[in-house]
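Chemist: Last residue of the sequence shown: 1581 (this note's numbering), numbering continuous. Idealized CB from N, CA, C, for every residue including glycine. Values in this document were obtained by computation on a predicted structure and should not be read as measured data. Following this message is one structure expressed as structure tokens.
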Amino acid sequence: MKTLVIAVLIIFISGCGPTTIREEGKITYKDGGESYQLKARVDKYRKDNFFSTEIKHEVYLYINGVLAIRGPLHRDGSGHIQGAYKSKTVIMDCMKPSLFVGTQCEIHIDGINIGRVDLRYDFRQ
1457 MKTLVIAVLI
1467 IFISGCGPTT
1477 IREEGKITYK
1487 DGGESYQLKA
1497 RVDKYRKDNF
1507 FSTEIKHEVY
1517 LYINGVLAIR
1527 GPLHRDGSGH
1537 IQGAYKSKTV
1547 IMDCMKPSLF
1557 VGTQCEIHID
1567 GINIGRVDLR
1577 YDFRQ
């Protein structure tokens, strides 16, 4: 009986490990002489505890390979995050319109709407 209880506990505890899902998206923007390569990523962490589930969303925005924004999103995938790139203000407004659509983020640099990044699941992890 003890062996059965121990085996069940090991299976239960091993199922409580953290899970990470990644969404990624890219856009390119040209404005006169300046061009931006933007890559956004959302890492979704889920950890099941005994009596609760911990969920965190962390968003990253790279502009021309430089990290401009890193910050948390709400559990529903929405959020307003501000950062900087070459002394310019960068704002990222994110939302998740529905269960079957990835996170969508509008990006503004110094008040200019650069565009929307549609983040898709990355299954290559």
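Could you check where the beta strand (DSSP E) with K1542 kicks off and where it finishes?
Modeler: Premise fails: K1542 is in no beta strand (DSSP E) and is neither H nor E.
Chemist: Is Y1501 closer than 7 Å to Y1492 when the C-beta atoms are compared?
Modeler: No, Cβ-Cβ distance for Y1492 and Y1501 is not below 7 Å.
Chemist: Indicate whether I1525 and I1511 have their beta-carbon atoms separated by less than 7 Å.
Modeler: No, they are not a contact pair.
Chemist: Leaving aside the five residues before and after R1531 along the sequence, list all residues of the same chain whose C-beta is less than 6 Å from its C-beta, in chain order.
Modeler: Around R1531: I1511.
Chemist: Quick one: Cα of D1487 to Cα of H1513, how far?
Modeler: About 31 Å.
Chemist: By the 10 Å Cβ neighbour count, where 16 or more other Cβ atoms means buried, how is G1567 classified, buried or exposed?
Modeler: Exposed, by the Cβ-count rule.
Chemist: Where does S1508 sit, in a helix, a strand or coil, going by DSSP?
Modeler: Reduced to three states, the DSSP call for S1508 is coil.
Chemist: Out of V1546, Q1560, L1523, state which residue places its alpha-carbon closest to the alpha-carbon of K1552.
Modeler: When each option's Cα is compared against that of K1552, the closest is Q1560.
Chemist: Starting from L1523, follow its DSSP beta bridges and name the residues at the other end.
Modeler: Per DSSP, Y1518.
Chemist: Around the Cβ of G1521, are there at least 16 other Cβ atoms within 10 angstroms (buried) or fewer (exposed)?
Modeler: Exposed is the call here.
Chemist: Judging by CA-CA distance, which residue of D1499, P1528, S1534 is the nearest neighbour of C1550?
Modeler: The candidate whose alpha carbon is nearest that of C1550 is S1534.
Chemist: Quick check: what's the CA-CA separation for G1481 versus D1499?
Modeler: C-alpha separation (whole angstroms): 12 Å.
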